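Going by my numbering, the sequence shown opens with residue 39, and the numbers climb by one from there. Backbone N, C-alpha and C fix where the C-beta goes; we use that ideal spot for every residue, glycine too. A quick note: this is a predicted structure, and the numbers were derived from the prediction, not measured.
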Amino acid sequence: MRPFSLLTAGASSLLAACAMLAGCNSTSISHPAADTVITNGRIYTIDALQPWVEAVAISNGRYTWVGKSEDAQQHIGVETRVIDLAGRMAMPGINDAHLHPARGGTKELFECNFPFSASPEQIQARVAQCVKDNPSAVWIRGGQWDSGFFDTYQIDNPRDFLDAVSGDKAVVLNDDSNHNGWVNSKALELAGITKDTPDPSDGTYVRDPATGEPNGILLEGAEQLMMDQLPDWSQSEYRQGVREAVRIANRFGITGMKDAMATEPAIAAYHELDQRDELSIHMAAAIATPYGHRQQPLDYERIDRIRKQYASAHVHPNSVKLFSDGVPTASRTAAMLKPYVPIHPDGAAFAGMLHLEPELMATDLIELDKRGYTVKIHTAGDRSVRVALDAIEAARKVNGDSGLRHELAHAGYIDPNDLPRFVQLQAVADLSPYLWHPSPIIDSIVSAVGSPRGEQYWPIRDLLSARAPVLAGSDWPAAVETIDPWLGLEAMVSRADPKGVHPGTFWNEQAINIEQALRIFTLDGAAALGLKSVTGSVQVGKSADLIVLNHNLLEVSVEDISETRVELTLFEGEDVYENLDTNTASSQKP
Ligand SMILES: [Zn+2]
39 MRPFSLLTAG ASSLLAACAM LAGCNSTSIS HPAADTVITN GRIYTIDALQ
89 PWVEAVAISN GRYTWVGKSE DAQQHIGVET RVIDLAGRMA MPGINDAHLH
139 PARGGTKELF ECNFPFSASP EQIQARVAQC VKDNPSAVWI RGGQWDSGFF
189 DTYQIDNPRD FLDAVSGDKA VVLNDDSNHN GWVNSKALEL AGITKDTPDP
239 SDGTYVRDPA TGEPNGILLE GAEQLMMDQL PDWSQSEYRQ GVREAVRIAN
289 RFGITGMKDA MATEPAIAAY HELDQRDELS IHMAAAIATP YGHRQQPLDY
339 ERIDRIRKQY ASAHVHPNSV KLFSDGVPTA SRTAAMLKPY VPIHPDGAAF
389 AGMLHLEPEL MATDLIELDK RGYTVKIHTA GDRSVRVALD AIEAARKVNG
439 DSGLRHELAH AGYIDPNDLP RFVQLQAVAD LSPYLWHPSP IIDSIVSAVG
489 SPRGEQYWPI RDLLSARAPV LAGSDWPAAV ETIDPWLGLE AMVSRADPKG
539 VHPGTFWNEQ AINIEQALRI FTLDGAAALG LKSVTGSVQV GKSADLIVLN
589 HNLLEVSVED ISETRVELTL FEGEDVYENL DTNTASSQKP
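Encoded structure:
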């Protein structure tokens, strides 16, 4: 395939552009000249009435015309930039409707990062390097080690293992679920944790069996207490982090995202960058509320203040995040309808716990729905799903249908009786396809939930058959190493590990096709961002958020979907990422 060409303003480039467009001559312009015209593409629109077009015209950041290449010349004037796609596929930009961009960007720039697959020796070497590179730091934070790390490797004392390379620094390393931590002696000392410190009610300081001293592994609530000790990033660091997250997102073809738990400093950074005209993405935000057990309704006035203070052209803080439970991994903190497999064969039956009483969740839902917020509720267990649906039902009864589509995040376990309620209540299943293939996390979940129930996880096909609304998100950097949406798209279609590390498939009966997956990642994502009329499809009047790909997703084999490379990303008609050189593409940092 020949490289596509960007032909920009000026008479000579117009001539070059015209040479490729049969019959073009500058006197034939019968429409106002567009800022940009894109021709000779295979443009997948996500518009059911016109699924494919060849060309588009863009002015003031919006599509003014879509159609056939042979008709494009009417929109080309002397100043028009013409892009010849040479037959390449283009499509609307991706919308990632559940992730943590400020967290991901600051982690990328300022933390001590290593891959999930890192060996003990690699982790030690990396920590030693980070200590050396940050002579004035008090804390070194980073990660992530995989959930099965301490089963795979024999490390007698994890704390001593880090002490050996950490000098005078306090080191905190998160695991791949972000629910557990691994720390050194200095971190325990700064946090005031000793042999005599009791475990928190919702977590554990794992101890050395011989001495009773904390061995450096912190589970759940114990890890949370440690994280609370760490100093927050400065506002300037937040801005740098967000800039980095947006840069990475644009490179993968993402032009819209929803921060699933946006703290005030993060939203302030989005707003500041937008004021400086530096935010090349549609940023929706679910305002963060406290994690863990809560007895009082939320502070609705504070939430209203944040929405009012930081909303701007590309910042939409119109959602609120609530937590109903934890995770269904070995820690067994997601609230389930039936008990987990007991940790010990003769152990008690335990089904997890709700963070909020059902009445309190309903109170919050009714009030937030009334105030115009889309509520994103973390519901990892099927009992949480039911309670959240009950709360939405209560809101619909009191407020009528507000038109707001509340979201159930990580709703992988859904009792078949509750599935039709997603349709009735127009509740959105917030899907995490990046995780639903064989992997250590899935193994941990299935062994805790038990078989065969544990394998009935993420019934996307059933949800689509019932016509339930859905969205997809990477959850980066909470549980995945990269924001790369093409991994999630492939896993949705294959239910297999796109990287091929873990063999087999996971509940393959629920696989869907690529057309369905593309719609979820574009138009359904836009709906979740509250921007369905703004972006998510290639249609006249919509924002020109368009990506050009190296291959045609409707023609490549399933295992090549994750190999998709974005060659050009337009946000509101402007280039925000461009990579026309095939050779340098693979050497770019993932
Ligand atoms: Zn999340």
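Cβ shell of residue i (< 6 Å), same chain only, five flanking positions each side left out
i	result
S64	Low confidence applies to S64: its pLDDT is 45, below 50, so where it sits in the model is not reliable, and the reading given next is rough at best. Result list for S64: empty, nothing under 6 Å.
Y615	N288, R289, T607
G61	Confidence is the limiting factor: at G61 the pLDDT is only 42, short of 50, which leaves the residue's position unreliable, though a coordinate-based value still follows. There are no such residues.
F609	T293, S318, D583
H309	Y348, S350, V353
K233	G250, E251
A57	Residue placement at A57 is flagged as unreliable, the pLDDT there being 42, under the threshold of 50; the coordinate-derived value follows with that caveat. So the list is empty, once near-sequence residues are dropped.
K106	E92
L59	With a pLDDT of only 46 at L59, under the threshold of 50, the placement of this residue in the model should not be trusted; the figure read from the coordinates follows. Here the set comprises Q111.
N216	A516
Start and end residues, beta strand (DSSP E) containing residue i
i	result
P252	252-258
N633	The structure shown does not extend to residue 633, since the chain is modelled only from 39 through 628, so no value can be given for it.
V614	612-616
N14	Limits of the chain in this structure are 39 at one end and 628 at the other, which puts residue 14 out of reach.
S357	353-361
M295	292-300
R421	From DSSP, R421 is part of no beta strand (DSSP E) but of the alpha helix (DSSP H) over 420-437.
N212	208-213
L469	466-469
D122	119-122
Q182	177-183
T325	The question names Thr, but residue 325 in the sequence shown is Ile. Segment 320-325, the beta strand (DSSP E) holding I325.
I381	Here I381 belongs to no beta strand (DSSP E), and DSSP marks it neither H nor E.
E605	604-609
Terminal residues of the alpha helix (DSSP H) in which residue i lies
i	result
A204	Per the sequence shown, the amino acid found at residue 204 is Ser instead of Ala. Element bounds for S204: 196-204.
A566	563-566
G526	523-532
Q280	In the sequence under discussion, the amino acid at residue 280 is Val, which differs from the Gln named in the question. Taken as a continuous stretch (DSSP letters only), the alpha helix (DSSP H) holding V280 covers 273-289.
F154	No alpha helix (DSSP H) holds F154; DSSP gives it neither H nor E.
E405	396-408
R80	Premise fails: R80 lies in the beta strand (DSSP E), 80-82, not in any alpha helix (DSSP H).
I76	First-last for I76: 74-77, but that is the beta strand (DSSP E), not the alpha helix (DSSP H).
L509	Careful: L509 lies outside any alpha helix (DSSP H), inside the beta strand (DSSP E) at 508-510.
S440	Unbroken run through S440: none, as it is neither H nor E.
L336	Segment: none, L336 is in no alpha helix (DSSP H) and carries neither H nor E.
D478	A small fix is needed here, since residue 478 is Pro in this sequence, not Asp. It spans 478-487 - the alpha helix (DSSP H) in which P478 sits, taken as one unbroken run.
R505	Looking at the DSSP string, R505 is not in any alpha helix (DSSP H), and its letter there is neither H nor E.
Assumed close pair residue i, residue j - CB separation to whole angstroms, cut-off 8 Å
i	j	result
V358	I341	6 Å
I255	E302	The Cβ separation is near 31 Å, so there is no contact.
V466	V518	About 20 Å separates the two Cβ atoms, so there is no contact after all.
N588	E612	The Cβ separation is near 21 Å, so there is no contact.
Q192	F154	Contact flag wrong, Cβ pair sits at about 19 Å.
P490	Q548	Not quite, the Cβ-Cβ distance comes to about 14 Å (not below 8 Å), so this is no contact.
G511	A135	5 Å
V576	D85	7 Å
Proximal residues to residue i (C-beta, below 7 Å), its chain only, five neighbours per side dropped
i	result
C168	C150, I178, G180
F544	W474, H475, P476, I480, R533
G419	D363, P366, A372, A373, M374, G390, Y451
N551	V531
A529	P471, Y472, W474, H475, P536
R370	Y378, F388, G390, A486
N212	G181, Q182, G219
N546	R533
For residue i, the residue or residues it bridges with in DSSP
i	result
W545	W545 is not bridged to any residue.
D583	D583 is not bridged to any residue.
S350	V353
K414	K359, E445
R245	P252
M129	I585
R100	S97, S581
V91	I81
E230	For the sequence presented, residue 230 should be read as Gly rather than Glu. According to DSSP, which records beta bridges pairwise, G230 is partnered with nothing at all.
G105	A93
Own chain partners of residue i with C-beta closer than 8 Å, once the 5 adjacent residues on each side are dropped
i	result
G241	L256, L257, E258, G259, A260, E261, Q262, L263
H138	D297, A298, M299, D513, W514, P515, A516
R332	H393, L394, L398
P396	V425, D428, A429
Closer than 8 Å to chain D by CB, residue i
i	result
I498	Among the chains of the structure shown, chain D does not appear; only one protein chain is present.
Under 8 Å: do the stretch 487-504 and the stretch 454-461 share three or more Cβ pairs, one atom per stretch? yes
Check whether the stretch 482-490 and the stretch 524-540 are in contact - that is, three or more C-beta pairs closer than 8 Å. no
Counting Cβ pairs, one atom from each stretch, are 3 or more of them under 8 Å apart for the stretch 108-125 and the stretch 155-165? Fewer than three beta-carbon pairs drawn from the stretch 108-125 and the stretch 155-165 are found closer than 8 Å, and the two stretches are therefore not classed as touching.
Can you find at least 3 beta carbon pairs, one from the stretch 84-101 and one from the stretch 429-442, that sit closer than 8 Å? no
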